[in-house]
Amino acid sequence: MNQLERAIEAALFAAEEPMSVEALAGFLGDADKSEVRETLKELAQTYEKRGIHLVERGKRWHFETAPDLAHLLRKEREQVRRLSRAATEVLAIIAYHEPVSRAEIESIRGVQTSGGTLDVLMEAGWVKIAGRREVPGRPTIYATTPEFLDHFGLASRRDLPGIAELRATGLLDPVDDVYEELVGEGEQPSDETDEHGGSV
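Note that our numbering numbers the sequence shown so that position 44 is 44, with each residue one more than the last.
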């Protein structure tokens, strides 16, 4: 293990939150970003078979428990957070169409969206205010967070499943069928934006 690998490993171990390549490079005295990126990939391979893994979520890196060992650290009295159907619908819309305003969410759902629903998603750490749409009224727009990606084990929004994939794995039940109405059969998320900053 070279000095850069050791330094990156130490920095991530001590960090209070995940770090981007840029943040790591700056922390390590303006290290070369391409070298930091390659070293992170090599370290990730090194940790693949260990009890902890080095993973990238939303372009930020951190250590996490190996999935097959998570049960050893889980508290037995852990409570599962269950979202209401409305919250599930809103989260799906934001994930597949972000950044999106409340009015746009309501247009897609066909019903009004309670401010409390968005509050629940923000309190869970999965949704954040991402600014304002540059249109008359400048409405607030919402987007998912790195914590959303981390919770669902996604490296980026491009890893969001399509409906066909969800149905094939048996993850769809009558409630989850709302996804089909929201994103269309097999539709994949896009990172492209229109001239107003919205997803297309």
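Ideal Cβ placement from N, Cα and C applies to all residues, glycine included.
Within the segment 74-130, no run of beta strand (DSSP E) reaches 3 residues while sitting entirely inside it. In the three-state scheme derived from DSSP, where H, G and I count as helix and E and B as strand, residue 11 is classed as helix. Restricting attention to 18, 17, 34, 40, the CA atom closest to the CA of residue 7 is found in 40. If you check the CB distance, residue 83 and residue 120 come in under 9 Å. Using a Cβ-Cβ distance cut-off of 8 Å, the segment 65-73 and the segment 39-53 are in contact, since at least three pairs of beta carbons, one from each stretch, lie closer than that value. Looking at the DSSP output, residue 143 bridges to 128. Taking all protein chains in view, the Cβ of residue 89 is crowded by 16 or more other Cβ atoms within 10 Å, so the residue is classified as buried. Per DSSP, the continuous beta strand (DSSP E) segment holding residue 55 begins and ends at 52-57. Take residue 58, set aside five residues on each side of it, and the residues of its chain with a beta-carbon closer than 7 Å to its own are 146, 149, 156, in chain order. Distance between residue 21 and residue 97, taken at the CA atoms: about 26 Å.
Around the beta carbon of residue 105, a 10 Å sphere encloses 16 or more other beta carbons of the protein chains shown; the residue is thus reported as buried. Contact between residue 129 and residue 100 is ruled out by a C-beta separation of about 12 Å, above the 8 Å threshold. Under the three-state reduction of DSSP, residue 60 is assigned to strand. Residue 43: member of the alpha helix (DSSP H) spanning 33-47, first to last residue.
Residue burial annotation: residue 111 is exposed, with fewer than 16 other C-beta atoms found within 10 angstroms of its C-beta. Counting other Cβ atoms within 10 Å of its Cβ, residue 87 reaches 16 or more and is therefore classed as buried.
Annotated as proximal: residue 103 and residue 139, with beta-carbon spacing under 9 Å.
Where residue 21 is concerned, the enclosing alpha helix (DSSP H) starts and stops at 21-27.
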